[in-house]
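A.B. asks: Got a structure for you, written out below as structure tokens; questions coming shortly.
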Amino acid sequence: MLKYKAIYPETLELLKKLMKIPGLDNFYLVGGTSLALRIGHRISVDLDLFSHIEFSTQELISEIEIIGSMKIIGEARNTLNVVIDGVEVDIIRHNYPLLEEIKIIDGLRLISKKDIAAMKLSAIARRGSKKDFYDVYFILQEFSTEELFEFYKLKYESREMFHLVKSLVYFGEADLEPAPEMLIDVDWNNVKSFFNSLALKY
């Protein structure tokens, strides 16, 4: 059962509309919103829709304009960043293997938690936001660190773990960001202590 308290009603309504657009048939919800709907740890306000296939941004724009007021923030090959009725939506081709099949729950296509874990580690390796650290913290309540590293290796065919471990204890930019709106209260300092302790094992 999905944790609908983790998403604003208007965002959920938009997500349902997007899932019915023919041009998005092969797209699925990833990122913090997909995770929050599963575990209900925080409010997530944006939508990230990914697919492994190429797509026409212009054709997709024509379809999206039918369902709501849209502002284009960015557009490139296989990438569309828009705001629809006040909700930020990123639509992107992400050509990496799925670790598990897409889940369909209540008519919503959701990427697996294993895939989210790998993608969140990738995000932290690039530049971890505070919400990414919170998300991985909660993922690690279900999976072990070794499992997360294995998910990352399988998805991105990477064996470079040294940089990843270092990234897990780099909070320079995350420290400056506001905390996400949490539904399960965990202090930011506790999250940092958790990762610092984890990194000492590697």
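Residue numbers for the sequence shown, in the working numbering: 1 to 202.
Think of the CB as a built atom: it goes at the ideal place given N, C-alpha and C, for glycine as much as any other residue.
On a predicted model such as this, the values are computed, not experimentally measured, just so you know.
1) Return the bridge partner residues of SER51 from the DSSP annotation.
2) Looking at the strands, I want to know which residues DSSP matches up with MET182.
3) Given this structure, state the Cα-to-Cα distance separating ASP115 from ILE184, to the nearest angstrom.
4) Out of curiosity, what's the CA-to-CA distance linking LEU168 and PHE162?
5) From ASP102 to TYR28, what distance separates their C-alpha atoms?
6) Helix or strand or just coil, what does DSSP make of ASN26?
7) With 16 as the cutoff for other CB atoms within 10 Å, does GLU38 come out buried or exposed?
8) Does the separation of the CB atoms of LEU108 and LEU15 fall below 8 Å?
9) Got a sec? Which residues, its chain only, sit under 7 Å from LEU198 by beta carbon, not counting five neighbours each side?
10) Relative to the C-alpha of ILE43, which residue among LEU24, SER51, PHE50 and GLY32 is closest?
11) Could you have a look at GLY74 and say whether DSSP puts it in helix, strand or coil?
12) Let me confirm a value: LEU176 is counted as buried when at least 16 other C-beta atoms fall within 10 Å, else exposed. Which label applies?
13) In this structure, does DSSP put ILE84 in helix, strand or coil?
14) What did DSSP end up calling ARG109 once you bin it into helix, strand or coil?
15) If you count every other CB in all the chains shown that lies within 10 Å of the CB of TYR4, and 16 or more means buried, which is it?
16) Quick check: the Cα distance between GLU75 and ALA179, rounded to an integer number of angstroms?
17) If I measure Cβ to Cβ from GLY207 and keep anything under 8 Å in the same chain, skipping five residues before and after, which residues do I get?
18) Assuming TYR137 and PHE55 form a contact by the criterion Cβ under 8 Å, report the distance between their Cβ atoms to the nearest whole angstrom.
19) What residue range does the alpha helix (DSSP H) around ILE139 cover?
C.D. replies: To lay it out plainly:
1) Beta-bridge partners assigned by DSSP to SER51: ARG93.
2) ARG42.
3) Looking at the backbone, the Cα of ASP115 and that of ILE184 are separated by about 22 Å.
4) Rounded to the nearest angstrom, the gap between the Cα atoms of LEU168 and PHE162 is 10 Å.
5) Before going further, note that residue 102 is Ile rather than Asp in the sequence given. Taking C-alpha positions only, ILE102 is separated from TYR28 by approximately 7 Å.
6) Three-state DSSP puts ASN26 in coil, outside helix and strand.
7) Going by the sequence as given, residue 38 is Arg instead of Glu. ARG38 should be labelled buried.
8) Result yes, Cβ atoms of LEU108 and LEU15 sit closer than 8 Å.
9) Around LEU198: THR145 and LEU168.
10) Per the C-alpha coordinates, the member of LEU24, SER51, PHE50 and GLY32 positioned closest to ILE43 is GLY32.
11) Here DSSP, grouped into helix, strand and coil, assigns GLY74 to strand.
12) Result: exposed.
13) Under the three-state reduction of DSSP output, ILE84 falls in the strand class.
14) Three-state DSSP puts ARG109 in a strand.
15) TYR4 comes out exposed.
16) Per the coordinates, the alpha-carbon of GLU75 lies some 29 Å from the alpha-carbon of ALA179.
17) With the chain covering only 1 through 202, there is no way to say anything about residue 207.
18) Wrong, their Cβ atoms sit about 33 Å apart, outside the cutoff.
19) Here the alpha helix (DSSP H) through ILE139 covers 130-139.
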